[in-house]
Amino acid sequence: MTSRTTPRRTVLLAAALTTATAATTTACGSDGGEGGDGGTESGAPATTPAGTGSAPAGTPLANTSEIPVGGGTVFADRKVVVTQPTEGEFKAFSAVCTHQGCLVNKVADGTIDCPCHGSKYAIADGAVTAGPAPRPLPAEEITVSGETITLA
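Counting from 1, position 48 in the sequence shown corresponds to residue 579 in the working numbering; the numbering is continuous, with no gaps.
Okay, here's the thing in structure tokens:
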């Protein structure tokens, strides 16, 4: 009976390939995972986890007059979308789509829209109104002081 041992180099190569495959699968996103995000308005995937925001706390985002009633504004560089569902009521959500981590790129007709696969979210609560997004947009904390909206 002969015993064969696997060369150490082969074992290390197999481990490296397994790790690389797992990293690639994670980076591409999945229906059940948190999409990383740091993309652009074209909807390219981004690099920070959904719902974490990317602007430091206390960062002014906009004046209240810049956010239309019944609409909103996407701050792609900060990965945040601010809406004003009714006059004087301001909401903020992650701009990272929960489907595959693209950035939403517009607010129109009462929804926050993702250009990648057509997901739409309600401006009032971030709820999914059109799929394939599996979850609502995570809320982000803001404060409104006078005319200034600040990321909390």
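All residues carry an ideal CB built from backbone N, CA and C; glycine is no exception. No experiment lies behind these values; they were computed from the predicted model shown.
Judged by beta-carbon spacing, residue 668 lies beyond the 8 Å limit of residue 606, meaning their Cβ atoms are not closer than that value. DSSP places residue 595 in the helix class (H, G or I) of the three-state scheme. Exposure of residue 601 is indicated by the presence of fewer than 16 other C-beta atoms within 10 angstroms of its C-beta.
By a beta-carbon distance limit of 8 Å, residue 590 contacts residue 681. Their separation comes to about 7 Å. Nearest to residue 647 by C-alpha distance, out of 640, 612, 654, 662, is 662. Around residue 641, the same chain offers 654 as residues with beta carbons nearer than 6 Å, after the five sequence neighbours per side are excluded.
In the structure shown, residue 661 adopts extended strand secondary structure according to DSSP, grouped into three states. Each residue's CA atom was taken as its position, placing residue 676 and residue 634 some 27 Å apart. For residue 682, the uninterrupted beta strand (DSSP E) run begins and ends at 679 to 682, by DSSP. Where residue 676 is concerned, the enclosing beta strand (DSSP E) starts and stops at 673 to 676. C-alpha of residue 627 to C-alpha of residue 596: approximately 24 Å in a straight line. Taking the Cβ atoms as the reference, residue 612 lies roughly 18 Å from residue 619, outside the contact range of under 8 Å. In the structure shown, the three-state DSSP call for residue 608 is helix. Looking at the DSSP output, residue 617 bridges to nothing.
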